[in-house]
Amino acid sequence: MPDMWYFTPEGRREAAEQQHTVAEEAFGLAKMDDGLALRPMAAFRPSRKVVLDSQLTWEQIMQGKAVLLSEMERAKWGEKILKALTRFYWDLDNHELRSETWGTAALVLYHARVR
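Under full-length UniProt numbering, the residue at position 85 of the sequence shown is numbered 85, and the numbers go up by one with no gaps.
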């Protein structure tokens, strides 16, 4: 599964900027729903600005979660996995540790490890 950073506002902004600034001379094949498509090679390279899941803020995780689930649904990942991840994020967001001083930081690390 891709790093959560790619689904945060910062990650999505970076992807949009990279798409407009990279010279699109080299192409690669990407599998699509109805066959293959040519995509710029830059689209296959990871960003140098990516932030590890364990270094994200709680807000970034929660913002990214909404986009991640939406994109997974759009890509037809299947109802079972979507329900499991939706429940996972609901449990995280409503966990009793959130009320502790160190709770959010602990949940960020848990998320990075388990997701």
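Heads up, the beta-carbon is just placed ideally off N, CA and C, and yes, glycines get one too.
Small disclaimer: the values here were computed from a predicted structure and weren't measured.
Contact annotation: W5 and V51 have beta-carbon atoms nearer than 7 Å. Buried is the label assigned to I61, since at least 16 other Cβ atoms lie within 10 Å of its Cβ.
L92 places its beta carbon 7 Å or farther from that of S54. Beta-bridge partners of M32 (DSSP): G35. For K80, the uninterrupted alpha helix (DSSP H) segment begins and ends at 79 to 93.
If you look at T104, you'll find it in the alpha helix (DSSP H) that goes 103 to 114. Cα atoms of T86 and L69: separation of roughly 7 Å, rounded to the nearest angstrom.
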